[in-house]
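Engineer: Please see the structure below; I have some questions.
Number of protein chains: 2
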Amino acid sequence: MNFRFILNIFGRVLILLGLFMLTSIIWALVYNEEVVEELLVSSLITLVSGAGMYLLTFRNLKKELGLKDSYFTVTFTWVIISLFGTLPYLLTGAIPSVVDAVFETVSGFTTTGSSILVDLESLPKSVLFWRSLTHWIGGMGIIVLVVAILPLLRIGGYNLFKNEASGISYEKLTPKTASTAKRLWGIYVSLTFILMGLLLLGDMSFFDAMNHAFSTMSTGGFSPRNTSLGGYSSYVQYVVILFMFLAGMNFYLHYHFVKGRFRRVFSNLELRTYFGIVMAVTIGVAVIIYREGGIGIEKAIRDALFQVVSIITTTGFATYDYLSWPQEAWTLIFMLMFVGACVGSTGGGVKVIRHVVSFRNVTLHFSRMLHPNSVKRLKINGEIIDDEKVGSLVSFLVLYLLTFTIGSIIMVLLGEDTLTAVGSVAANMGGVGPGIGSVGPASSYAHIHETGKIVLSFLMLIGRLELTTVLILFTSLFWER
Amino acid sequence: MNFRFILNIFGRVLILLGLFMLTSIIWALVYNEEVVEELLVSSLITLVSGAGMYLLTFRNLKKELGLKDSYFTVTFTWVIISLFGTLPYLLTGAIPSVVDAVFETVSGFTTTGSSILVDLESLPKSVLFWRSLTHWIGGMGIIVLVVAILPLLRIGGYNLFKNEASGISYEKLTPKTASTAKRLWGIYVSLTFILMGLLLLGDMSFFDAMNHAFSTMSTGGFSPRNTSLGGYSSYVQYVVILFMFLAGMNFYLHYHFVKGRFRRVFSNLELRTYFGIVMAVTIGVAVIIYREGGIGIEKAIRDALFQVVSIITTTGFATYDYLSWPQEAWTLIFMLMFVGACVGSTGGGVKVIRHVVSFRNVTLHFSRMLHPNSVKRLKINGEIIDDEKVGSLVSFLVLYLLTFTIGSIIMVLLGEDTLTAVGSVAANMGGVGPGIGSVGPASSYAHIHETGKIVLSFLMLIGRLELTTVLILFTSLFWER
Ligand SMILES: [K+]
Ligand SMILES: [K+]
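Residue numbers (the numbering used here), protein chains in the order written: chain A, 1 to 481; chain B, 482 to 962.
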């Protein structure tokens, strides 16, 4: 493997990270918080480490990454930023425990949003800003990953399954993919600022607006408020619902939309399915909670819609503790954790398109049962999905279930009750954040066993990087020769 | 569709069923029970209905079944025997409610073993015999299904996935498949009698030995005793463990074994995996329950082994209420419900070979990630599994999960708690019988909502007939033209 270049990349990433970290100092100055020095030291450690790695390796650099290098680089980029990202928490004392700080940072960069913090509002705002910023950086990372690092454009023109990622030469990226990445970043940043503006029009402070905009567009879910978005006006909640939905869409579709290609957007099968699921489950949940009584129709629909969109997009914001709803309602919510957002979005999880392909494959199978000699093929958005791709999709689903199962067993063995075990694993693998059992939206992950926190951090990483990118590092195949 | 021939087949099946039913009268006479008349009437209704269907259709019969006819015939054979099979319960008053009687009979013929009966020992022995007999008949039906009706011999010489069942002409079956079916029936019957003999050598009565032999070899799980096998000696329990394990094996392997082809048996990948899972989970459970204290090593191992074999083979016998074990132990037991026995056995569920293929497919996928141009293929027992077959396997897994999910949602909507909902659906789709929550081995299904019982009966049928055989009847594709 080309470790020289890999280290060089890590160096560049850390320099970028250090610069981002510096911005949190602004808030320490604005709010007159006594953590300026600690944040400065954090940034400098990160910057100096990054610069060191860069300077050590920039000479005689062969800018080429093989397949193995790519998988390794992607996984360890997230690991390394998660380690340096703990510095602001640890040095300011906002989170004294190393395991907790790693958990919170991994949760940030993977845009999961699980938190070990109980009283957010007692923390320095600069640290809370850093916390939300990790989400936003993570979201940018995912966009570059989907567009540039896993660039095989298969179904509907996007690399859906990311399985057969061909050899990536770093130079090759420059002309087309880099410009696409920039466009999609442009959309990401623009939507963030539009959302911020809309939140400011509501009753939100500048600080809260910025934080929530970061968490929404990255489908992260950290809030600087103890009550998440529960304490805000219905206007704010509707705005956040809309932008969570947008963040869960394929960003290419936003691009097409901006370019006026409306038919291409509205005919997209994944988008239609995603919208359909949101509508169907919202109606189901709204009916259940309305029939419980005590709330009006508008509130029932708003609460249901907010939670459904929040969970399917894997954002994980809460306006209401869904676990206090009737069991039928939160069971539906829990099942959404296995649906996930659209491919090419900042959301995590299994993703809608995989469900669509699985379902279409079942239909094809029925058709083959009746007409064994037919040569019917699977088509999605006009492109053929061959059996090999379906096989790859299976691998993903099987690995997802296997990881979910093993994760749940481990959590049970660590002493968590079944619902908490299953809920925490589903919520963290899926990048959602709040789960069920004792890790619901009204609770935190503070009480989870230390080993459990490490397991969940690992699951966040696996889920965020589409499983195989990380898991392949644990195969003997990867390390042979 | 050739309804004339289908009706003719149903006629024959009902005549056979009526004859089986007659044998329960023997026990009414032996034990001097006042249900002879009712059992006689039940048998006669069945015999006359069968004869009527046969006589109506036997002239000018075109003995040919298309694909649609086959799927329809298989599904409705189970439906029809389940309807006529309720007569002994209903007419003797042993089970007064029609829904309960249908549930118990479907549970019998699908070899599931879920029961709505609470006090078995208060019922006439002749009725209990009929109950166990439904298992045994169901097991025979499954063998003929696997060997003759779904005869595409693909992986390792057996029709593993049953997906592309080619057109079946009834005559075609006669020469080879019918003789194979007879051989496997021979093994099934022989093993049943050997087991009966071994149980008689223990402290078991002739009646109990026969009933338990029926339930064991069919992996059914009905017992005529309230305490299932809990009240018997450890000798009896070990014998039952061995024969449950044998019943969960591919019956072709028994045939090879009898023919002295030992290498073929012991090198079989599915058998090795099946054995490996049993050993691994038994050790895990034994350690957990031994550490709880209060029992010796032998008892811990025996209880663990009994439960593990009982659940993985989908028999569902109990010597102990596993729900009273620590949560870690019964979580493992619950997960076994998704493993299932071997293909070609009388057991139900997903089946070990499907897990093996899924897992191998993941390995292949990793290999393709590293070597995108390799032409490596999936091989099981020396035979290539192509991508299309993997695609079919996916359909099965996706349908299994989908059915499980929808089933669980329905059970939750019917008011069951989450564990009971999930447990009852898993246990009945998987053909296991006892689940978790309020339908554990120490409870029954008596308290489940009436609609829930119908849903679970339907799930037993779907699970037993490998999902697609039943579900294809609900596609528009099946009914078009
Ligand atoms: K999230
Ligand atoms: K069973």
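Positions of the beta carbon are idealized from the N, C-alpha and C atoms, including for glycine.
Closer than 6 Å: is that where the CB of residue 431 of chain A sits relative to any heavy atom of ligand 1?
Structural biologist: yes
Engineer: Between residue 474 of chain A and chain C, is there a C-beta pair that is closer than 7 Å?
Structural biologist: Among the protein chains of the structure shown, namely A and B, there is no chain C.
Engineer: For the segment 815-843 of chain B, enumerate the residues whose C-beta is nearer than 8 Å to any C-beta of chain A, in chain order.
Structural biologist: 816, 839, 840, 842 and 843
Engineer: Could you tell me which of B:709, B:525 and B:671 sits nearest to residue 594 of chain B, measuring between CA atoms?
Structural biologist: B:709
Engineer: Terminal residues of the continuous alpha helix (DSSP H) containing residue 764 of chain B?
Structural biologist: 750-773
Engineer: Which ranges would you report for the alpha helix (DSSP H) in the segment 658-734 of chain B if only whole runs of at least 4 residues count?
Structural biologist: 660-682, 687-698 and 715-728
Engineer: What is the DSSP secondary structure of residue 379 of chain A, reduced to helix, strand or coil?
Structural biologist: strand
Engineer: Could you tell me if the beta carbon of residue 702 of chain B falls within a distance shorter than 6 Å of some heavy atom in ligand 2?
Structural biologist: yes
Engineer: Hey, how far is the Cα of residue 153 of chain A from the Cα of residue 146 of chain A?
Structural biologist: Note that residue 153 of chain A scores a pLDDT of 28, beneath 50, so its modelled location is shaky and nothing firm can be said.
Engineer: Would residue 694 of chain B pass as a contact of residue 677 of chain B if the rule is Cβ separation under 7 Å?
Structural biologist: yes
Engineer: Taking 8 Å as the cut-off, does the segment 271-285 of chain A touch the segment 294-308 of chain A (at least 3 CB pairs, one atom from each stretch)?
Structural biologist: Taking 8 Å as the limit for Cβ pairs, the verdict is that the segment 271-285 of chain A does touch the segment 294-308 of chain A.
Engineer: To be precise: take each residue of the segment 691-720 of chain B, compare its Cβ to all Cβ atoms of chain A, and keep it if any distance is under 7 Å. Which residues remain?
Structural biologist: none
Engineer: Using a Cβ-Cβ cutoff of less than 7 Å, which residues in the same chain neighbour residue 185 of chain A once the five nearest sequence positions on both sides are dropped?
Structural biologist: 140 and 143
Engineer: Spell out a yes or no on whether the segment 739-751 of chain B and the segment 829-838 of chain B are touching, meaning 3 or more CB-CB pairs, one atom from each, closer than 8 Å.
Structural biologist: yes
Engineer: Check each residue of the segment 750-779 of chain B: if its Cβ is closer than 8 Å to any Cβ of chain A, include it; give the result in chain order.
Structural biologist: none
Engineer: For ligand 1, is there any heavy atom lying closer than 6 Å to the beta carbon of residue 313 of chain A?
Structural biologist: Not a single heavy atom of ligand 1 lies less than 6 Å from the C-beta of residue 313 of chain A.
Engineer: Among all the DSSP beta bridges, which residues are the ones paired with residue 834 of chain B?
Structural biologist: Looking at the DSSP assignment, residue 834 of chain B forms no beta bridge with any residue, so it has no partner.
Engineer: Mind listing the chain B neighbours of residue 327 of chain A? Cutoff is C-beta to C-beta under 8 Å, in chain order.
Structural biologist: 893, 898 and 899
Engineer: Can you tell which of B:816, B:660, B:875 and B:865 has its C-alpha closest to the C-alpha of residue 387 of chain A?
Structural biologist: B:875
Engineer: At what residues does the alpha helix (DSSP H) containing residue 588 of chain B begin and finish?
Structural biologist: 579-590
Engineer: Could you check whether the Cβ of residue 872 of chain B sits closer than 7 Å to any Cβ belonging to chain A?
Structural biologist: yes
Engineer: Based on the DSSP output, what are the partners of residue 917 of chain B in its beta bridges?
Structural biologist: In the DSSP output, where bridge partners are listed per residue, residue 917 of chain B has none listed.
Engineer: Using 8 Å as the threshold, is the segment 417-436 of chain A in touch with the segment 822-830 of chain B, meaning 3 or more CB pairs across them?
Structural biologist: no
Engineer: Between residue 166 of chain A and chain B, is there a C-beta pair that is closer than 7 Å?
Structural biologist: Low per-residue confidence applies at residue 166 of chain A: pLDDT is 28, beneath 50, and the placement is therefore not dependable, though the value from the model is reported in the following sentence. Yes, residue 166 of chain A counts as interfacial toward chain B.
Engineer: Could you check the C-alpha separation between residue 530 of chain B and residue 495 of chain B for me, to the nearest Å?
Structural biologist: 7 Å
Engineer: Could you please tell me which residues of the segment 372-388 of chain A, in chain order, have their CB closer than 8 Å to any CB of chain B?
Structural biologist: 372, 386, 387 and 388
Engineer: With a cut-off of 7 Å, does the C-beta of residue 812 of chain B fall near any C-beta of chain A?
Structural biologist: Yes, because at least one Cβ of chain A sits closer than 7 Å to the Cβ of residue 812 of chain B.
Engineer: For residue 385 of chain A, which residues does DSSP report across the bridge?
Structural biologist: Residue 385 of chain A pairs with A:378.
Engineer: So the alpha helix (DSSP H) residue 89 of chain A belongs to, where does it begin and stop?
Structural biologist: 87-92
Engineer: Under a three-way DSSP split, which group does residue 513 of chain B fall into?
Structural biologist: coil
Engineer: By the three-class DSSP mapping on this structure, what secondary structure does residue 904 of chain B have?
Structural biologist: helix
Engineer: Please list the residues of the segment 527-550 of chain B that have a C-beta atom closer than 8 Å to any C-beta atom in chain A, keeping them in chain order.
Structural biologist: 548 and 549
Engineer: So is the beta-carbon of residue 619 of chain B under 6 Å away from any non-hydrogen atom of ligand 2?
Structural biologist: no
Engineer: Report the residue from A:190, A:236, A:207 and A:219 whose alpha carbon sits nearest the alpha carbon of residue 198 of chain A.
Structural biologist: Nearest Cα to residue 198 of chain A within the set A:190, A:236, A:207 and A:219: A:236.
Engineer: Measure from the C-beta of residue 847 of chain B to each C-beta in chain A and report whether the shortest distance is under 7 Å.
Structural biologist: yes
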